[in-house]
Amino acid sequence: MFHFQDTSRDAPVKQRVPTADNLSLRDDAGNLAAVLLSLQSSEDAQESAAYQRIVRTIRLIAPFFDDFVLVPESSDRVLLRWRQQGSDAVFSANQMSDGTLRFVCLVTLLQQPKLPAVVVLDEPELGLHPSAIVLLADLIKQASARSQVLLATQSVTLMNQFSVQDLIVVERDEQLGGSVFTRPDPERLRDWLDEYSLGELWEKHVIGGQPGTRGSITDA
């Protein structure tokens with residue numbers, strides 16, 4: 000399960016990482032700098048194109064962003080740094096907003112050339128601007144062509160980007176002492192969906208997943 004919530008000063012994503020730790024993004028994004036460096040410096044056309052896509056996608060949400068500055072040190076370690084448009088100044092990951100840093104992690108995960116067979120995301124919407132959440136949904140849909148993507152969300156905005164066929168509602172059953180997973184019936188909701196979005200039906204208690212439950216998981 001991928002968790003990118005930790006953006007504190009001591010977060011793994013903000014630390015120096017061995018350049019060789021670059022095969023795939025770790026679940027805490029602790030090797031983000033190494034993965035990006037590998038893609039940035041690769042002579043493989045697919046990997047180079049993936050790096051350029053990552054940069055372009057980040058700019059859609061953070062237009063001030065220019066590029067990453069990834070310079071291996073003598074100890075074969077690299078630190079995540081970046082540059083903004085119109086400036087030669089180099090900034091650290093600590094000088095990137097929490098939401099932007101989380102978005103960078105998500106974009107890199109979903110647009111890296113080799114995805115894990117299953118990608119599980121826990122509340123990826125945390126700290127993201129609504130526009131970033133909409134774009135994130137598009138990235139998830141694209142990634143789902145190459146991997147099975149499961150996500151747990153508390154976001155109406157994110158839920159609205161998917162169809163009822165993508166939705167699994169997870170609720171706590173006290174009698175069973177565990178969670179119950181159910182798929183809403185599209186036919187039963189057809190008339191509702193003519194007038195309301197999926198997120199609105201969630202807010203109206205039509206499809207379950209209310210407080211006291213774990214929310215919903217979208218299988219893209």
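Numbering of the sequence shown is given in numbering that gives the first Met the number 0, commencing with residue 0 and proceeding in unit increments. A virtual CB, placed ideally from N, CA and C, is assigned to each residue, including glycine.
- Counting along the chain, A61 sits inside no beta strand (DSSP E), nor does DSSP assign it H or E at all.
- DSSP places V179 inside the beta strand (DSSP E), whose first and last residues are 177–181.
- When the beta-carbon positions are compared, Q110 and I53 come within less than 8 Å of each other.
- In the structure shown, E170 falls within a strand segment according to DSSP collapsed to helix, strand and coil.
- Of the residues assessed, E124 falls on the buried side of the cut-off, its CB having 16 or more other CB atoms within 10 angstroms.
- When secondary structure is reduced to three states using DSSP, D66 falls in the strand class.
- By the Cβ-count criterion, K113 is exposed, with fewer than 16 other Cβ atoms from all chains shown falling within 10 Å of its own Cβ.
- Counting only runs that start and end inside the segment 26–98, the beta strand (DSSP E) elements of at least 3 residues fall at 64–67, 80–83, 89–91.
- Taking C-beta atoms as the reference points, A33 and P17 count as a pair closer than 8 Å.
- Here V118 is not near Q160, since their CB atoms are 8 Å or more apart.
- In this structure, G208 sits near V169, with a CB-CB distance shorter than 8 Å.
- Restricting attention to R101, F102, R80, G85, the CA atom closest to the CA of A92 is found in R80.
- In terms of Cβ geometry, T6 and R76 do not form a close pair [threshold 8 Å].
- In the three-state reduction of the DSSP assignment, Q14 falls in the coil class, being assigned neither a helical nor a strand state.
- Across the set R82, V155, A116, G85, the C-alpha of V155 shows the shortest separation from the C-alpha of H204.
- In the three-state reduction of the DSSP assignment, L109 falls in the helix class, which pools H, G and I.
- Take the alpha-carbon of L22 and the one of R171: they are about 37 Å apart.
- In the three-state reduction of the DSSP assignment, V205 falls in the coil class.
- Leaving aside the five residues that flank F63 on each side, the residues in its chain whose CB is nearer than 6 Å to its CB run, in chain order, Q83, Q84.
- Between the C-alpha atoms of V68 and L150 there is a straight-line separation of about 31 Å.
- DSSP links D121 through a beta bridge to A151.
- Within a 10 Å sphere around the beta-carbon of T181 sit fewer than 16 other beta-carbons, which makes this residue exposed.
- Beta-bridge partners assigned by DSSP to F161: none are found.
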